[in-house]
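Novice: Take a look at the following structure, please.
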Amino acid sequence: MEMNDPGSKYIITILLGKLTKKKGFRNKEEAVIGIQQKYGASHAIVICPWAEQGAAARHTTNGELISVDAYMEAGPAIDTLGAGDCFIACCIHFLNEGNSLRDVLVKACRITGKKVAKRGLLGLDVS
């Protein structure tokens, strides 16, 4: 089944890097694999953003680990308030649209990178 198939039932877990660092994981890839192993997540998608390092994800049905870099082209971080919420909302939106997991991460990192490079969310370029 595809992710955008209405009959699909997936558990989508998005973990913030701060939480996974407290659990002892040293990077986004280790966190994704470790969480899936520790909690026996099956038929699940685990996504872990890691601030300026980007994000990683893994879908248990195929086991492929996907890792993308952060989007830094919009400039340095000015305002990180709401960045996690922005990332999560983007992931949910792009998964719901049926994007591949890699595209979900790339798009979520791009929009979140644009968000942190400006104050607030008004006028955020979501392209």
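Under the UniProt record's numbering, the residue at position 9 of the sequence shown is numbered 9, and the numbers go up by one with no gaps.
Positions of the beta carbon are idealized from the N, C-alpha and C atoms, including for glycine.
Which of helix, strand or coil does DSSP assign to residue 13?
Specialist: Position 13 of the sequence shown, counting from 1, holds the residue named residue 13. In this structure, residue 13 counts as strand in the three-state DSSP scheme.
Novice: Which of the three DSSP states, helix, strand or coil, is assigned to residue 70?
Specialist: For the purposes of this step, residue 70 is identified with residue 70 of the sequence shown, where counting begins at 1. It is coil, neither helix nor strand.
Novice: Buried or exposed for residue 59, please, with buried defined as at least 16 other CB atoms from any protein chain shown within 10 angstroms of its CB.
Specialist: Reading the sequence shown from its first residue, position 59 is the one you call residue 59. Residue 59 is buried by the Cβ-count criterion.
Novice: In whole angstroms, what is the alpha-carbon distance linking residue 80 and residue 53?
Specialist: As a first step, residue 80 is located in the sequence shown; it is residue number 80 there, counting from the start. As a first step, residue 53 is located in the sequence shown; it is residue number 53 there, counting from the start. In a straight line, the C-alpha of residue 80 is about 14 Å away from that of residue 53.
Novice: To the nearest angstrom, report how far apart residue 12 and residue 41 are at their CA atoms.
Specialist: Counted from its first residue, the sequence shown places residue 12 at position 12. Counted from its first residue, the sequence shown places residue 41 at position 41. Roughly 10 Å separates the two Cα atoms.
Novice: Determine the burial state of residue 3: buried for a count of at least 16 other Cβ atoms within 10 Å of its Cβ, exposed for fewer.
Specialist: By 1-based counting over the sequence shown, the position of residue 3 is 3. With a pLDDT of 49 at residue 3, under the threshold of 50, the predicted position of this residue should be treated as unreliable, though the coordinate-derived value follows. By the neighbour-count rule (16 or more Cβ atoms within 10 Å), residue 3 is buried.
Novice: Residue 35 bridges to which residues according to DSSP?
Specialist: As a position in the sequence shown, residue 35 is number 35, starting the count at 1. Bridge partners of residue 35: none, in fact.
Novice: Count the other C-beta atoms from every protein chain shown that fall within 10 angstroms of the C-beta of residue 17, then say buried if there are 16 or more, exposed otherwise.
Specialist: Taking the first residue of the sequence shown as position 1, residue 17 is located at position 17. Taking a 10 Å sphere around the C-beta of residue 17, we find 16 or more other C-beta atoms and assign the residue as buried.
Novice: Using the Cα positions of residue 6 and residue 35, report the straight-line distance between them to the nearest angstrom.
Specialist: In the sequence shown, residue 6 corresponds to position 6, counting from 1. In the sequence shown, residue 35 corresponds to position 35, counting from 1. Residue confidence is low: residue 6 scores 46 on pLDDT, short of 50, so the model does not pin down where it sits. Its coordinate-derived value is still stated next. Between residue 6 and residue 35, the C-alpha separation is close to 26 Å.
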